[in-house]
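Right, one structure below, let's go through it.
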């Protein structure tokens, strides 16, 4: 390829960062960008030129990819950056105060001072310990420190010294009875394969290899397992459709890019039971005939990254990944981690494909569907972490036993992420059909002396539930009937002191920021939605007819789920809570 490069030269450090990528394909673009950003703290034009030469990517396209992600910087900035979450749960728990203290002692957000800068960040995925901040220090290697909960004083201290290389405390589970998906979290050492096996690990894969591919898919189908990422698509149907495709190779992608504000269940599974995901992916790969799998992991999850890397490496060393897995001749499978770089839209399944392949993380038009033409144009299964870790339960307990938990249309256990104004925030595991009131009671309810204002169910793309609706059974079918959604399992509690107007404005800002800009309804609609809410809050103007019109256009004509759901929570706040009058 005849590349036309700008007149900029890479430094020695930048060359060292890119050294391992010469001759790679375009799919190495995101890892190469990470390598430079991690080592230097930003990506210069000289470094971008070097990456383009190494991977044979046109400079304009490489720039388009690098500028797509919020964790990358294309202008020089200090090596130390403090990312302060200002999203929904952190906003309720005092993030604005943290930002005010940083502004006073460090300077305005985005301004370099004394070798450090700080930035307002979307959700960091540690909502149960809100407010949160993540300090990043470029270098070889780069280091991070998670502050959760953060205070103004701890954030200022983090800005003044190098990170302590702490990737956060292990997840805490507030319940122990009746756990299936979470039974090993906080009990078994997440770095120990022997500990995992002693607690039942790899019995399911052994069963799968004995049963055969068709029988595994049939068992998953009979279990009634639905996707846990929000769409609730039958997992067995997805696997069967991919397995039946004559084109090859087949791919498996685990969507671990949970960026929905208020969602952190997959992080808890990854940090507390990473070998479960490795085993689950291996079973799925066996069923669909895949030899290569990818975990697309949030760039803001340093602890999950460390523990998952260890689990993959150890599993490979011990014969649970690689060639002839567990002695089963002819079955080979391996897993590669791809780090995201701060883009909510990359949680959409086809946007993940583009990101892995080295393009901007923009959704593709469907059809063709991923089971036909997915990653690299080949048949692909995409499942999230929670969906996959249900599979070993099915293959050890059996589909009938699994289906006995929950309801006829919503089978099995479900993880919910409780955060906000609640006594014991965290991940809770309950059978489908448990009421919202029962779930809230498990978490201790709202703090003493406070009363419940509303619950945001399903995240920023979800809907609000009133206090008089707490007897709602938590199932896919009951949520639909109540004109709300379970989404990704977010249960974000607002008490009587919560600023509902400011909360809705943050939702609108979130969708404005995270729109990829590919389609006009979403690109323009999310901006108009935010502007209208600002006018209501500033002057009390009547904007509900305009909001409904804009929201309807986004819902009906956006390419993907981001634009189609960007109006959901605001609509439900207007209709159910009487907001924005």
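Numbering (the working numbering), first residue to last: 9 to 589.
Here a beta-carbon is modelled for each residue, glycine too, at the ideal position from N, C-alpha and C.
May I ask which residues mark the beginning and end of the beta strand (DSSP E) holding residue i?
| i | result |
| --- | --- |
| residue 309 | Here residue 309 belongs to no beta strand (DSSP E), and DSSP marks it neither H nor E. |
| residue 142 | 141 to 145 |
| residue 577 | No beta strand (DSSP E) contains residue 577, which is instead part of the alpha helix (DSSP H) from 576 to 585. |
| residue 472 | 471 to 473 |
| residue 301 | 298 to 305 |
| residue 427 | 421 to 428 |
| residue 281 | Unbroken run through residue 281: none, as it is neither H nor E. |
| residue 204 | Per DSSP, residue 204 belongs to no beta strand (DSSP E); it is in the alpha helix (DSSP H), 201 to 206. |
| residue 227 | It is not in any beta strand (DSSP E) - residue 227 instead sits in the alpha helix (DSSP H) that spans 221 to 231. |
Excluding the 5 residues flanking residue i on each side, which residues of the same chain have their C-beta closer than 6 Å to its C-beta?
| i | result |
| --- | --- |
| residue 354 | 265, 348, 360, 363 and 369 |
| residue 487 | 493 and 494 |
| residue 56 | 70 |
| residue 547 | none |
| residue 523 | 530, 531 and 534 |
| residue 515 | 468 and 577 |
| residue 585 | 462 and 472 |
| residue 45 | 51 and 80 |
Quick one: what does DSSP say residue i is sitting in, helix, strand or coil?
| i | result |
| --- | --- |
| residue 22 | helix |
| residue 242 | strand |
| residue 42 | helix |
| residue 258 | strand |
| residue 212 | helix |
| residue 362 | helix |
| residue 321 | helix |
| residue 193 | coil |
| residue 8 | Limits of the chain in this structure are 9 at one end and 589 at the other, which puts residue 8 out of reach. |
| residue 347 | strand |
| residue 75 | coil |
| residue 11 | coil |
| residue 437 | strand |
| residue 357 | helix |
| residue 186 | coil |
| residue 153 | strand |
| residue 489 | helix |
Check each candidate in the options and name the one with the smallest Cα separation from residue i.
| i | options | result |
| --- | --- | --- |
| residue 133 | 391, 278 and 47 | 278 |
| residue 496 | 190, 254, 273 and 365 | 273 |
| residue 73 | 188, 96, 34 and 30 | 34 |
| residue 151 | 162, 485, 224 and 170 | 170 |
| residue 184 | 541, 557, 478 and 451 | 451 |
| residue 592 | 446, 49 and 128 | Residue 592 lies beyond the residue range present for the chain, which begins at 9 and ends at 589; the question has no answer from this structure. |
| residue 459 | 475, 467, 466 and 157 | 475 |
| residue 304 | 257, 356 and 280 | 356 |
| residue 289 | 156, 271 and 261 | 261 |
| residue 308 | 482, 103, 140 and 54 | 140 |
| residue 366 | 433, 244 and 384 | 384 |
| residue 156 | 182, 37 and 97 | 97 |
| residue 406 | 519, 225 and 259 | 225 |
| residue 116 | 138, 101 and 92 | 92 |
| residue 571 | 582, 541 and 519 | 519 |
| residue 499 | 466, 197, 227 and 77 | 466 |
| residue 400 | 77, 191, 181 and 258 | 191 |
| residue 283 | 129, 245, 323 and 256 | 323 |
| residue 336 | 53, 588, 21 and 217 | 217 |
| residue 420 | 509, 565 and 440 | 440 |
Within 8 Å of any Cβ in chain B, is that where the Cβ of residue i sits?
| i | result |
| --- | --- |
| residue 140 | Looking for chain B here will not work: only one protein chain is present. |
Can you find the residues in the same chain that come closer than 7 Å, C-beta to C-beta, to residue i, ignoring five residues on each side of it along the sequence?
| i | result |
| --- | --- |
| residue 517 | 538 |
| residue 276 | 179, 193 and 435 |
| residue 317 | 345 |
| residue 480 | 443, 444, 473, 486 and 490 |
| residue 68 | none |
| residue 105 | 160 |
Quick one: what's residue i bridged to in DSSP?
| i | result |
| --- | --- |
| residue 126 | 90 |
| residue 462 | 502 |
| residue 481 | 443 |
| residue 121 | 124 |
| residue 249 | Paired residue(s): none; residue 249 is not in a bridge. |
| residue 398 | None; residue 398 has no bridge partner. |
| residue 330 | 341 |
Would you kindly report the start and end of the unbroken alpha helix (DSSP H) that includes residue i?
| i | result |
| --- | --- |
| residue 521 | 508 to 522 |
| residue 388 | That residue, residue 388, is in no alpha helix (DSSP H); its beta strand (DSSP E) goes 388 to 392. |
| residue 531 | 528 to 547 |
| residue 111 | 103 to 113 |
| residue 413 | Taken as a continuous stretch (DSSP letters only), residue 413 belongs to no alpha helix (DSSP H), as it is neither H nor E. |
| residue 57 | 53 to 63 |
| residue 160 | 160 to 168 |
| residue 97 | 96 to 100 |
Just to check, is the beta-carbon of residue i closer than 7 Å to a non-hydrogen atom of the ligand ZN?
| i | result |
| --- | --- |
| residue 90 | The ligand ZN is absent from the structure shown, which contains no ligand whatsoever. |
Within a Cβ cutoff of 8 Å, which residues of the same chain sit near residue i, ignoring the five residues on either side of it in sequence?
| i | result |
| --- | --- |
| residue 110 | 90, 92, 117, 126, 160, 163, 164 and 167 |
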